[in-house]
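Undergrad:
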Amino acid sequence: MEVMKAAVFEREGSFVLKDVPVPQIEAEDQVIVEVEACSICGTDVHITATPPGYIATPGTTLGHEFCGHIIAKGAAVKHLNIGDRVVANPNNYCGNCVYCRKNLPNECEHIEALGIDYDGAFAKYCRINSKVAYKISEDVPAEVAACVEPLACAVNGLNKINIKPSDSAVVIGCGPIGMLIGMLLKASGASKIYMLETVDYRIDFVKKLGIATRVINPIKEDAKAIILEETGIGADFVLDVTGSQAVPSIDFTRKGGTVVLFGVNKRARAELAQCEITTKEISVLGTWLANATFPKAVSIVEQKAIDVGALVTDVMPLDLIHEGLEKLAKGQAVKVIITP
Ligand SMILES: [Zn+2]
Ligand SMILES: [Zn+2]
0 MEVMKAAVFE
10 REGSFVLKDV
20 PVPQIEAEDQ
30 VIVEVEACSI
40 CGTDVHITAT
50 PPGYIATPGT
60 TLGHEFCGHI
70 IAKGAAVKHL
80 NIGDRVVANP
90 NNYCGNCVYC
100 RKNLPNECEH
110 IEALGIDYDG
120 AFAKYCRINS
130 KVAYKISEDV
140 PAEVAACVEP
150 LACAVNGLNK
160 INIKPSDSAV
170 VIGCGPIGML
180 IGMLLKASGA
190 SKIYMLETVD
200 YRIDFVKKLG
210 IATRVINPIK
220 EDAKAIILEE
230 TGIGADFVLD
240 VTGSQAVPSI
250 DFTRKGGTVV
260 LFGVNKRARA
270 ELAQCEITTK
280 EISVLGTWLA
290 NATFPKAVSI
300 VEQKAIDVGA
310 LVTDVMPLDL
320 IHEGLEKLAK
330 GQAVKVIITP
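Numbering (numbering that gives the first Met the number 0), first residue to last: 0 to 339.
1) Mind checking whether the beta-carbon of I336 lies closer than 8 Å to any heavy atom of ligand 2?
2) If you drop the 5 nearest sequence neighbours on each side, which residues of the same chain put their C-beta closer than 8 Å to that of P140?
3) Leaving out five residues on either side along the sequence, give the residues of the same chain with a beta carbon under 6 Å from the beta carbon of G52.
4) Work out the CA separation of S243 and R268 for me, nearest whole Å.
5) Is any heavy atom in ligand 1 found nearer than 8 Å to the beta carbon of E148?
6) Say yes only if the C-beta of C93 is nearer than 8 Å to one or more non-hydrogen atoms of ligand 1, and no if none qualify.
7) Any idea if S167 is buried or exposed, counting beta-carbon neighbours within 10 angstroms, 16 or more meaning buried?
8) Less than 8 Å between the CB atoms is what I'm expecting for L150 and V335, so what's the real figure, rounded?
9) Would you call the CB atoms of M182 and I276 closer than 9 Å?
10) Tell me which same chain residues have a C-beta within less than 7 Å of the C-beta of Y117, skipping the five on either side of it?
11) Would L271 pass as an interface residue toward chain B - the criterion being a Cβ-Cβ separation below 9 Å?
12) Might you give, ordered along the chain, the residues of its own chain that have their beta carbon closer than 6 Å to the beta carbon of V19, omitting 5 neighbours on each side?
13) Taking C-beta to C-beta, are L184 and L157 nearer than 9 Å?
14) Among R10, E11 and M0, which one has its Cα closest to the Cα of V21?
15) Report, in whole angstroms, the separation of the C-beta atoms of A89 and E148, which I expect to be a contact under 8 Å.
16) Counting Cβ pairs, one atom from each stretch, are 3 or more of them under 8 Å apart for the segment 2-16 and the segment 83-98?
17) Measure the C-alpha to C-alpha separation of A75 and Q23 and round it to an integer number of angstroms.
18) Three or more beta-carbon pairs under 8 Å between the segment 287-300 and the segment 209-222, yes or no?
19) Would you call Q273 buried or exposed, if buried means 16 or more other Cβ atoms sit within 10 Å of its Cβ?
20) Tell me which residues share the same chain as I225 and place their Cβ nearer than 8 Å to its Cβ, disregarding the 5 neighbours each side in the sequence.
21) Run the CB neighbour count on N91, radius 10 Å, all protein chains shown included, and call it buried at 16 or more, exposed below.
22) DSSP three-state call for F8: helix, strand or coil?
23) Between which two residues does the alpha helix (DSSP H) holding Y98 run?
24) Where in the segment 64-95 do unbroken runs of the beta strand (DSSP E), each at least 3 residues long, occur, reported from the N-terminal end onward?
25) Can at least three beta-carbon pairs, one atom from the segment 29-37 and one from the segment 61-78, be found at a separation below 8 Å?
26) In the DSSP output, what is D239 paired with across the bridge?
27) Considering only the beta carbon of each residue, do P247 and P217 sit closer than 9 Å?
28) By Cβ distance, which residues of its chain are closer than 8 Å to D28, with the 5 residues on each side in sequence left out?
29) So, are the CB atoms of I160 and V240 less than 9 Å apart?
30) In this structure, how does DSSP classify I202 when only helix, strand and coil are distinguished?
31) Tell me the rounded alpha-carbon separation between K101 and F261.
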């Protein structure tokens, strides 16, 4: 049996590099991808932390933000060929449940996450269902193609609102998703973009990106006063990427404005004055994973509409994955790309 090196989550606190069998086609709608690059996600940091902040299935190879070339395919796969370069939606959906039939595959009742529920892409090869694979041009650098998945999630959130030139927006949380959202807001014509962050490394990084009108540290500055003063009435849109800032989000929003809640923090509980939403006529929207936004995300990186590559701080081989995870956990990197 042929083996390959893979980064496997064994159990709480144990994440190891070890030899595992090379995946084979097991169903006629699958493809095998030779992985070119796989990005470490904040979720991977949560899974490998002690205690874990996110639960993965023990024995699973991690890694869900990747690109690569198809080297084998099942008999039923007609829309992809051997040699095609692809990215993948890691959240494989069933296509048959009540939500899939409502065109909400991101809410599928049988959703399975690559690199969390089944073997992912921190390995030389990875097996996926062909329906979640999307072709991408050879011209896109591998480290950028590996970021299409988080970009597709960011696009899904922005699809829920209608940004127009001259609009103002606040982004709370400048991790990779927050920065991608900032870039998309700018590309969509928002003229005032306020980015909130408390970690110095990220504050400096987002300032250098040049997408923010102003970067605010809400621990050191009065974010609400600044936003009110600079916009006059509050922001048109507020996007919380932390998963815990619903209350300040509502505070920062103008009457008739919109709050989008992106981030996931399962422990967060908000005590909010409901009448503020009512009397200010604020729309509060949730957004989850990616829904039909992979083609858009692929197009954005192929057209270079935003500079996704600017977020890549490290590229390292699989052998150094522990180092990459540690850098991210310590807040000393933005996007770390592993090249198996
Ligand atoms: Zn991710
Ligand atoms: Zn389904």
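Even glycine gets a Cβ: it sits at the ideal position worked out from N, Cα and C.
Given the structure is predicted, the values throughout are model-derived calculations rather than measurements.
TA: Quick look at the numbers:
1) It does not: the Cβ of I336 is nowhere closer than 8 Å to a heavy atom of ligand 2.
2) G308
3) H45
4) 7 Å
5) yes
6) no
7) Around the beta carbon of S167, 16 or more other beta carbons lie within 10 angstroms, which makes this residue buried.
8) By a beta-carbon distance limit of 8 Å, L150 does not contact V335. Their separation comes to about 16 Å.
9) no
10) T59 and E111
11) The chain labelled as chain B is not found in the depicted structure, where only one protein chain is given.
12) A5
13) Taking a C-beta distance under 9 Å as the contact criterion, L184 and L157 qualify as a contact pair.
14) M0
15) According to the sequence as given, residue 89 is Pro; it is not Ala. Indeed they touch by this definition, with Cβ atoms about 6 Å apart.
16) At 8 Å Cβ cutoff, the stretches do not touch.
17) 15 Å
18) no
19) exposed
20) Take I225, set aside five residues on each side of it, and the residues of its chain with a beta-carbon closer than 8 Å to its own are Y193, R213 and I215, in chain order.
21) With 16 or more other Cβ atoms within 10 Å, it is buried.
22) It is a strand residue.
23) Premise fails: Y98 is in no alpha helix (DSSP H) and is neither H nor E.
24) 64-72 and 84-87
25) Taking 8 Å as the limit for Cβ pairs, the verdict is that the segment 61-78 does touch the segment 29-37.
26) I171 and L260
27) yes
28) G73, A75, V76, N128, S129 and K130
29) no
30) In the three-state reduction of the DSSP assignment, I202 falls in the helix class.
31) 21 Å
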